[in-house]
Amino acid sequence: MRKLLLVKYAPEIFLKGLNKGKFERKLKGNIENTFKDSRYSFVVDQGRWFIECDDLKDGIKKLKNICGISEICVVDEIDSDIESIKKQALSNALKNEGKTFKVVTKRANKNFPGTSMDVSREVGAYILQNTERLSVDVRKPDFFVNIEIRDKAYVYSKRIKGIGGMPYGTNGSTILMLSGGIDSPVAGYMMARRGVRLNCVYFHSHPYTSERAKEKVKELAGVLKKYTGSISLYVVPFTKIQMSIIENCREDELTIIMRRFMMRIACNLAERHGINSVTTGESIGQVASQTMEGLVVSNDVADRPVFRPLIAMDKVDIMDVARQIGTYEISILPYEDCCTIFVPKHPKIKPRVEEIRKAESVLDIDALVKESVENTEFFS
Ligand code: ATP
Ligand code: MG
């Protein structure tokens, strides 16, 4: 008998028809990449994936962060004969703290005698005969005894939820505007979870924003890397742009003009590095600049799709995800970002494209963008 981790991937991947193989290969590659520094082997039995590794806890921790995996089960692999199955099922059931159980059998090995129902019934009866503590409840059991009969047989009760989604790297790429706040890391995670390759850009206003603020963003990118395997971060010098806006434009239009610069630079970096799209952590109505009109005005300068995966989420729900993915505690550290320093008292909440285009036309936009992009620092 050996203990293995059964890896179940998101049901969506099954729906991919002819492309299923492509998604499976990517996912397998991502798993292998995650395990590359530990001793492990990848076991396949009639289409089912198992990981054998020295440290199961660590294995589970790794698999839990891989996009596209819906569930991880700790299984005992045994010979595929009914006596071995019964014994193992009993031993698993006795280890469980629940009082009621249900046996569920999947019989992929069609040479195995009896139907799945027959096996479940026989194993259930055997467990009942050998314990007084447990009883069967087919409707709402405290735990399941799962049996899969393939070349080998696998028995398990312990199931751990994975993050689901699609294999990372199967759905194009995006450049995430990553600030030090709570929202943008969550937005990045949501895109990565859908298989979209993530790059990050941070606009840094030295010396108005400290080195610590930049380190914080790097740290956030580091947390996102848990889900992506690797990540790149572009740090764009933004002070000169902000100063030019402050000196030359109306106070109530600072924020929206600044946003348009961020968008232009993100698109420019995307173009240079072959990235398909832009992602932000904006959510409708969260702050004055995140009005529908504001979003229209910032999209006006984008030359590719701009995704805002949090657009319809409530702040409390965003915070929940942030806690779950491990970015919350970093995000709430109090280092100021460039937007909190340059916030106008009464930002325009219904800007219009024409009027903002005109307002910013006093600036040498192309030269400012070019200079910032050329002085961008890269981290990975
Ligand atoms: P967050 O919690 O992500 O900082 P927020 O609610 O504070 O968002 P804003 O500060 O208005 O909202 O920023 C909206 C979005 O613009 C952010 O989610 C992020 O995608 C982007 N953004 C803002 N400031 C920066 C920055 N300094 N560098 C990179 N992106 C930024
Ligand atoms: Mg912010």
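The sequence shown: position 346 = 346 (UniProt numbering), numbered continuously. Beta carbons: idealized from backbone N, C-alpha and C, even for Gly. Nothing here was measured: the structure is a model prediction, and the numbers come from that model.
Cβ-heavy atom distance, residue i to the ligand ATP, below 8 Å
i           : result
Phe378      : no
Pro185      : yes
His204      : yes
residue 415 : Nothing about residue 415 can be read from this structure; the chain reaches only from 1 to 380.
Val196      : no
Phe342      : no
Val223      : no
Gln286      : yes
Ser210      : no
Val321      : no
residue 385 : Since the first residue shown for the chain is 1 and the last is 380, residue 385 is missing from the structure and cannot be characterised.
Tyr307      : According to the sequence as given, residue 307 is Phe; it is not Tyr. No; taking the cut-off as 8 Å, the Cβ of Phe307 has no heavy atom of the ligand ATP nearer than that.
Thr170      : no
Gly68       : no
Gln242      : no
Gln324      : no
Glu282      : yes
Ile149      : no
Arg304      : no
Gln46       : no
Ser331      : yes
Ile311      : no
Exposure of residue i, with buried meaning 16 or more beta-carbon neighbours within 10 Å
i      : result
Ala359 : buried
Val75  : buried
Leu333 : exposed
Thr34  : buried
His346 : exposed
Ala105 : Correcting the residue identity first, residue 105 is Thr in this sequence and not Ala. With 16 or more Cβ atoms within 10 Å of its Cβ, Thr105 is classed as buried.
Arg111 : Note that residue 111 is Asn in the sequence shown here, rather than Arg. With fewer than 16 Cβ atoms within 10 Å of its Cβ, Asn111 is classed as exposed.
Glu12  : exposed
Gln290 : buried
Gln129 : exposed
Ser230 : exposed
Phe23  : buried
Ser157 : buried
Met1   : exposed
Asp303 : exposed
Phe143 : buried
Glu247 : exposed
Gln242 : buried
Lys315 : exposed
Check: residue i C-beta below 8 Å from any heavy atom of the ligand SAH
i      : result
Met262 : As for the ligand SAH, it is missing from this structure, which binds only the ligand ATP and the ligand MG.
Runs of beta strand (DSSP E) lying entirely within the region 132 to 195, each at least 3 residues, in chain order
143 to 149, 153 to 161, 173 to 177, all fully within the region 132 to 195.
Please give me, in chain order, every unbroken run of the alpha helix (DSSP H) with length at least 4 that falls completely inside the region 4 to 34.
List check, alpha helix (DSSP H) in window: 11 to 14, 20 to 34.
Fully enclosed by the region 257 to 297, which beta strand (DSSP E) runs are 3 residues long or longer?
Within the region 257 to 297, the complete beta strand (DSSP E) runs of at least 3 residues are 277 to 279.
Examine the Cβ distances between the region 269 to 282 and the region 300 to 316 and report whether three or more of them are shorter than 8 Å.
Yes, the region 269 to 282 touches the region 300 to 316.
Check whether the region 46 to 64 touches the region 89 to 100, counting contact only when three or more Cβ pairs, one atom from each stretch, lie closer than 8 Å.
Short answer: they don't touch.
Touch check for the region 158 to 168 and the region 225 to 241: three-plus C-beta pairs under 8 Å?
At 8 Å Cβ cutoff, the stretches touch.
Counting pairs of beta carbons, one from the region 316 to 328 and one from the region 260 to 277, are three or more of them closer than 8 Å?
Here the region 316 to 328 makes no contact with the region 260 to 277; the two share fewer than three CB pairs at distances below 8 Å.
Counting pairs of Cβ atoms below 8 Å between the region 233 to 246 and the region 364 to 379, do you hit three or more?
Contact between the region 233 to 246 and the region 364 to 379 is present, because at least three Cβ pairs lie under 8 Å.
Uninterrupted alpha helix (DSSP H) stretches inside the region 327 to 362 (no shorter than 4 residues):
As far as the region 327 to 362 is concerned, its whole alpha helix (DSSP H) runs of at least 4 residues are 328 to 331, 338 to 341, 353 to 360.
Cβ contact (3+ pairs, closer than 8 Å) linking the region 113 to 128 and the region 184 to 202:
Counting Cβ pairs under 8 Å, fewer than three are found: no touch.
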